[in-house]
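In our numbering, each residue's number is its place in the sequence shown (first place is 1) plus 1389. Worksheet: one structure, shown below.
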Amino acid sequence: MNAFAARVESIKSDEFFSCITIRAKDKLFKLLKTKAPHWLKIGDEVECHIQEAAISICKGAKEGSVSIENHLQGELRHFRKGVVLSEVSVDTPCGVMNSLITTDAFERMELCDGCEVTLLLKAVDIKLVPVLDPSSYEKCKDKLYKIN
């Protein structure tokens, strides 16, 4: 599982969806949820999780040329090729991100160590986890002990 830290910049909601904008290392990402988590507020620090199989890779894509809004440029640092799937590690401003792609796609794109790639992260595939400071945990723990 890939993870990176971010801060919530904005939350826009209508009757069907919420669009949450987060900032990680000066890069904005948009997330789509059917409903914003009740605990989420603008300014919150969050951890973002995204599965390896949910990250697509492309070479030479211009922003706006694909429907996925979240683009993250990086340098391919390591790969493991299997018969069916290949695991690709990319060094990005948000840290090392791993992706699983088909070996056919890996070979078709002629990927290699050191090549520049763009990671495409679908807005619905990024999960948010709250970052709690230790004092928040202590307050929650105290309440649990009082109830029991």
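Each residue gets a CB set at the ideal place from its N, CA and C atoms; glycine is no exception.
Using the rule of at least 16 other Cβ atoms within 10 Å of the residue's Cβ for burial, across every protein chain shown, is residue i buried or exposed?
{"i": "residue 1405", "result": "exposed"}
{"i": "residue 1532", "result": "Legend: pLDDT at residue 1532 = 46, less than 50; position of this residue unreliable, value from coordinates given subsequently. Exposed: under 16 other Cβ atoms inside 10 Å."}
{"i": "residue 1392", "result": "exposed"}
{"i": "residue 1390", "result": "exposed"}
{"i": "residue 1454", "result": "exposed"}
Work out the CA separation of residue j and residue i for me, nearest whole Å.
{"i": "residue 1444", "j": "residue 1509", "result": "6 angstroms"}
{"i": "residue 1360", "j": "residue 1418", "result": "Since the first residue of the chain shown is 1390 and the last is 1537, residue 1360 is not available in this structure."}
{"i": "residue 1496", "j": "residue 1477", "result": "12 angstroms"}
{"i": "residue 1397", "j": "residue 1416", "result": "12 angstroms"}
{"i": "residue 1504", "j": "residue 1438", "result": "25 angstroms"}
{"i": "residue 1399", "j": "residue 1472", "result": "43 angstroms"}
{"i": "residue 1463", "j": "residue 1501", "result": "13 angstroms"}
{"i": "residue 1492", "j": "residue 1484", "result": "24 angstroms"}
{"i": "residue 1518", "j": "residue 1470", "result": "31 angstroms"}
Got a sec, what are the start and stop residues for the beta strand (DSSP E) residue i sits in?
{"i": "residue 1436", "result": "1434-1439"}
{"i": "residue 1493", "result": "Careful: residue 1493 lies outside any beta strand (DSSP E), inside the alpha helix (DSSP H) at 1492-1497."}
{"i": "residue 1394", "result": "1391-1402"}
Could you tell me which residues DSSP pairs with residue i in its beta bridges?
{"i": "residue 1463", "result": "1506"}
{"i": "residue 1413", "result": "1416"}
{"i": "residue 1551", "result": "Because residue 1551 is not part of the residues shown, which for the chain are 1390 to 1537, the question remains open."}
How close, in whole Å, do the beta carbons of residue i and residue j come, if the pair is a contact with beta carbons under 8 angstroms?
{"i": "residue 1490", "j": "residue 1431", "result": "Contact doesn't hold; Cβ gap of about 35 angstroms is too wide."}
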